[in-house]
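Peer 1:
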Amino acid sequence: MSASVKLPAGPTMMQGNEACALGALAAGCRFYAGYPITPSTSIAEMLARELPKVGGSFIQMEDEIASLAAVLGASVGGVKAMTATSGPGFSLMQEHIGYAAMAEIPCVIIDVQRLGPSTGQPTSPSQGDVMQARWGTHGDHPIIVLYPTGVRECFDLTVRAFNFAEKYRTPVILLTDEVIGQMREKVTLPALDSIEVVDRQRPHEPPEWYFPYAETPSDVPPMAPFGEGFRYHITGLLHDRAGFPTQRLDEINPWVERIFRKIERNLDDIILTEGELLEDARTLVVAYGCTARSAQEAVRMGRRHTVGLLMLKTIWPFPEEQVLAAARNARRVVVPEMNMGQLALEVERVVGRNKVVRVNRADGEMITPDQILRAIEARD
Amino acid sequence: MIASEESHSPAAGQPPAAEPRRKRVRRAGRVTVFENWCKGCGLCVAFCPRQVLESGPDGLTVVAHPERCTACNWCYEHCPDFAIVVTPITVVEEEPAGGSTPAAPQGVEVSR
Amino acid sequence: MLKEREERHLVYDYLRPKKKFPNVWCAGCGIGIVMGAIIRAVDGLGLAKDDVAMISGIGCSGRMPVYLDFNTMHTTHGRALAFATGLKMVRPDMKVLVVMGDGDALAIGGNHFIHAARRNIGVTAIVINNSTYGMTGGQYSPTTPIGALATTALYGNVEQPFPIGELAAAAGAAYVARSTVYHVTELERYIADGIQKKGFALIEAVSYCHTTFGRLNKLGGAVDMMRALKDNSITLAAAEKLEPNERAGRIVRGVLVNRDIPEYTDLYRQVIERAQSAQTATEAEGAKSRTPRSL
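Chains as they are written, first to last, in the numbering used here: chain A, 1 to 380; chain B, 1001 to 1112; chain C, 2001 to 2295.
This is the structure in structure tokens:
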């Protein structure tokens, strides 16, 4: 017997981390395993309190490696599961992110970024894990990475993260940062029954016909939970459609192609961006996370320069088409990031290096609207 | 299982027959080796307490002395490849004089 | 004409027919023997295959689950117990078997090993201890004896080995037993008892790797190393009568720990009950305070 999730009604002052926790509960998350780390700890604390109320489980594991392992074990058991961490813990989790990608196990990992590298500055924000979120684990794998710009989006994108994980049988990383995670804003959450929740597809066929990694029209094979009659094998080794390890090229190549294809053919669903004043933009600002808030202010201040703003809510796969379209008429694309230039590399790849102006800082301080405005106004 | 029977009365006019040997019922085993799974590791051959098994010319186990098997199951329990099974059977036979190794029991199929 | 009891080879009910047999392990390897003991233990308990999960780590021991018709998962090096913890928490009704080698469980997995025991999470850990990293060619492991040779200890190992069973016992396990692949009937019984035990059960199955460790240390082949298990092991009762120096180098077989202590998922169920009754109480309070005073 479990009570249902209760979301606060009406305008509520809410912290970003809190909104992530509520979004997880609303999306049907019923298992959390994690390890305390600044500035993500309040996500764990809130779910430690709320999950048992709705019949879910919370466990504080001995480290982040074990945390993501337990999340994957729970997901295989049929339960939506997540963890939250920051830079050092995110580094530890990389091996199991790869395992989740290889074994196609749905899960959500929140990385509330702080200044790094290493211990860095636990209570200062950064956007330094952007490339790591894409390539932190070894080997070729696709990944979905989302990044909210405010507290309401923490809720919405956490729900989306779970839905993408279930729909595409993939790990999904939700990046936030110490600003977004710790800030408080007045938000009005949607009603619980209005929220679209996606569950993983279960097999229709009887167990003896079930192949956990079969080629299907959607490129996403149905996922049977353990213990319900479908006895199959999951492994981190390259495997055939039955999940058994294989070294056959005619089984490996189709698998590699399929796991990339299952993401790449669904970009319409996965890529989330928001534009402001893009129509006649001669200068474009491409920003994300807490920096997008400064960019919004800078773009308003610099309106006389016909500057537009493209905010990326999906970081990976990189929104190539959206950036290209937004930069169509732009002479200059300004990319402010709280790192030494990570997503700028993608923007440069897509629109050309000559067009891109980077605005960087990696000292734990936010990029100010003035800094961005100066880049907008600067002449070559 | 069915016991074989024997008459105890000597025929008329014949010299007295030798004292008939007593029957005994013995637990035994019928050993089967699955050659396609046997890797010839030799564990069963080395540890069989009755030397029922031998390594054949290709290294795989052969059931050289099936009649000696007492169904102790050492081979079955220790084969890492499940390549040997022992079917328990019960054998009725004459008690051997002086403790010699029993001959193949009557009516029992032995397997190679 | 004698009738014989025709028995279907039990393993056919538990092996995956689509896998290639004979199995991948070297001729004479003890891992296959442990797999047989597990099959017979599960069968003897009458468990439904759907209710059994087997999770393994990396190494030769990690290759076991793929052969068995259970819910199986071959995970990362050292982390099988962490995966198992997550599964057991959401499916406490399942029997979760965790198969690991000595390096997987005690080196890279050491932290998860002691915490799983500390939590007394209701999984059955079977550590197949051959004192080496066999799959990678024979490097030394946390259970390699002092002085033994390994490919990464060519001048002799200088590290003290972990006593696996004692470690689990000290960390809080409910059931700890040790046997060898020679004493397979005893091993099967310990595995069955461990599966039935409420709480964390650790069964150490002492085995050997004749291919790497045996060759390097001139200990012979599988037959010789199997014979050594027989010759060098003693029961717990016998060991307690010996002086420490007499006990050295012997494998002590027996049940080291068997205690009734609360299992983790049972304790967490109580957490859920407490959280839900506190919630109900809070709501009742809230409802009371909203009742108009005039009523």
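Note that the Cβ used here is the ideal one computed from N, Cα and C, for glycine as well.
Against C/H2112, what residues of chain B qualify as contacts under a CB-to-CB distance less than 7 Å, listed in chain order?
Peer 2: Result: empty, since nearest Cβ-Cβ is about 28 Å, beyond 7 Å.
Peer 1: With burial defined as no fewer than 16 other Cβ atoms inside 10 Å of the residue's Cβ, what is the status of C/G2103: buried or exposed?
Peer 2: C/G2103 is buried by the Cβ-count criterion.
Peer 1: Mind checking which residues open and close the beta strand (DSSP E) that includes C/L2202?
Peer 2: Its beta strand (DSSP E) spans residues 2201–2206.
Peer 1: Does DSSP put A/N329 in a helix, in a strand, or in coil?
Peer 2: In the structure shown, A/N329 sits in coil (DSSP, three-state: anything other than H, G, I, E or B).
Peer 1: Taking only beta-carbon positions, decide if B/E1093 is within less than 7 Å of chain C.
Peer 2: So no, B/E1093 is outside the interface.
Peer 1: Can you confirm whether C/G2028, when its beta carbon is compared against all beta carbons of chain B, has any partner nearer than 7 Å?
Peer 2: Chain B contact via Cβ: present.
Peer 1: Taking the C-alpha atoms as reference points, what is the distance between C/P2142 and C/I2164?
Peer 2: Cα-Cα distance, rounded: 9 Å.
Peer 1: Any idea what DSSP makes of A/V5, helix, strand or coil?
Peer 2: Coil, per DSSP.
Peer 1: Taking only runs that begin and end inside the stretch 161–219 of chain A, name each unbroken alpha helix (DSSP H) of 4 or more residues, in chain order.
Peer 2: Listed in chain order, they are 178–182.
Peer 1: Short of 8 Å Cβ to Cβ, which residues in the stretch 2066–2077 of chain C face chain A?
Peer 2: Under the 8 Å Cβ criterion, the stretch 2066–2077 of chain C contributes V2066, D2069, F2070, N2071, T2072, M2073, H2074, T2075, T2076.
Peer 1: Just to confirm before moving on: does the CB-CB distance between A/T314 and A/I271 stay below 7 Å?
Peer 2: For A/T314 and A/I271, yes; Cβs fall inside 7 Å.
Peer 1: Secondary structure at A/G275, three-state DSSP: helix, strand or coil?
Peer 2: Strand at A/G275.
Peer 1: Using a Cβ-Cβ cut-off of 7 Å, state whether C/M2089 counts as contacting chain A.
Peer 2: Output row for C/M2089: interface = yes.
Peer 1: Could you check which residue in B/P1057, B/R1050, B/T1061, B/E1093 has the C-alpha nearest to that of B/T1070?
Peer 2: With distances taken between Cα atoms, B/T1070 lies closest to B/R1050.
Peer 1: Am I right that C/A2082 and C/F2070 are in contact with their C-beta atoms under 8 Å? What's the rounded C-beta distance?
Peer 2: Actually they are not in contact, since the Cβ atoms of C/A2082 and C/F2070 sit about 19 Å apart, beyond 8 Å.
Peer 1: Would you please verify whether the beta carbon of C/G2297 is less than 7 Å from any beta carbon of chain B?
Peer 2: The structure shown does not extend to residue 2297 of chain C, since chain C spans only 2001 to 2295, so no value can be given for it.
Peer 1: Just list the alpha helix (DSSP H) runs in the stretch 76–164 of chain A, keeping only unbroken ones of 4 residues or longer that don't cross its boundaries, in chain order.
Peer 2: Counting only runs of 4 or more, we get 87–92, 94–103, 130–135.
Peer 1: In whole angstroms, what is the alpha-carbon distance linking C/I2174 and C/Q2196?
Peer 2: For clarity, residue 2174 of chain C is Ala in the given sequence; the question names Ile instead. Near 11 Å, if we compare the C-alpha coordinates of C/Q2196 and C/A2174.
Peer 1: Mind checking A/D60: buried by the 16 CB within 10 Å criterion, or exposed?
Peer 2: With the sequence shown as reference, residue 60 of chain A is identified as Gln, and Asp is not the correct amino acid for it. Its Cβ having fewer than 16 others within 10 Å, A/Q60 is exposed.
Peer 1: Check each candidate in C/G2147, C/I2128, C/R2016 and name the one with the smallest Cα separation from C/Y2067.
Peer 2: Minimum Cα distance to C/Y2067 is reached at C/R2016.
Peer 1: Grab me the residues of A/N329's own chain with a C-beta within less than 8 Å of its C-beta, minus the 5 sequence neighbours each way, in chain order.
Peer 2: The answer, listed in chain order, is D280, A281, R282.
Peer 1: State the Cα-Cα distance for the pair A/I37 and C/D2260, rounded to the nearest angstrom.
Peer 2: Their backbone Cα atoms lie some 35 Å apart in a straight line.
Peer 1: Go through its chain and collect everything with a Cβ distance to C/R2269's Cβ below 8 Å, but skip five positions before and after it.
Peer 2: P2092, listed in sequence order.
Peer 1: For A/H96, which residues of its own chain have a beta-carbon under 6 Å away from its beta-carbon, when the five flanking residues on both sides are left out?
Peer 2: For A/H96, where only same-chain residues beyond five positions count, the Cβ hits under 6 Å are L68, A69.
Peer 1: Are the C-beta atoms of B/D1081 and some chain C residue less than 7 Å apart?
Peer 2: Answer yes: the Cβ-Cβ gap between B/D1081 and chain C drops below 7 Å somewhere.
Peer 1: I want to check one thing, is the minimum distance from the CB of C/N2245 to the heavy atoms of the ligand GDP below 6 Å?
Peer 2: Because no ligand of any kind appears in the structure shown, any question about the ligand GDP cannot be addressed here.
Peer 1: Would a check of beta-carbon distances place B/K1039 closer than 7 Å to chain C?
Peer 2: B/K1039 counts as touching chain C.
Peer 1: Under 8 Å, with one C-beta from each stretch per pair, do the stretch 188–204 of chain A and the stretch 122–142 of chain A reach the 3-pair mark?
Peer 2: Judged by Cβ distances under 8 Å, the stretch 188–204 of chain A makes no contact with the stretch 122–142 of chain A, as fewer than three pairs qualify.
Peer 1: What does the Cβ neighbour count give for C/L2167, buried or exposed, with the cut at 16 atoms within 10 Å?
Peer 2: Its Cβ being crowded by 16 or more others within 10 Å, C/L2167 is buried.
Peer 1: Name the DSSP beta bridge partners of A/R303, please?
Peer 2: Beta-bridge pairing links A/R303 to no other residue.
Peer 1: Name the one or two DSSP bridge partners that C/K2218 has.
Peer 2: Note: C/K2218 sits in no beta bridge, so no partner.
Peer 1: Do you know offhand how far C/G2030's Cα is from C/R2178's?
Peer 2: When rounded, the distance between both Cα atoms is 15 Å.
Peer 1: By DSSP, does B/W1037 sit in helix, in strand, or in coil?
Peer 2: Correct three-state label for B/W1037: coil.
Peer 1: In the DSSP assignment, what are the bridge partners of C/N2258?
Peer 2: DSSP output for C/N2258 lists C/Y2175 as bridge partner(s).
Peer 1: Let me confirm a value: A/W316 is counted as buried when at least 16 other C-beta atoms fall within 10 Å, else exposed. Which label applies?
Peer 2: When all chains shown are included, A/W316 counts as buried.
Peer 1: Taking buried to mean at least 16 other C-beta atoms within 10 Å of its own C-beta, is C/L2154 buried or exposed?
Peer 2: The residue in question, C/L2154, is exposed, as its Cβ has fewer than 16 Cβ neighbours within 10 Å.
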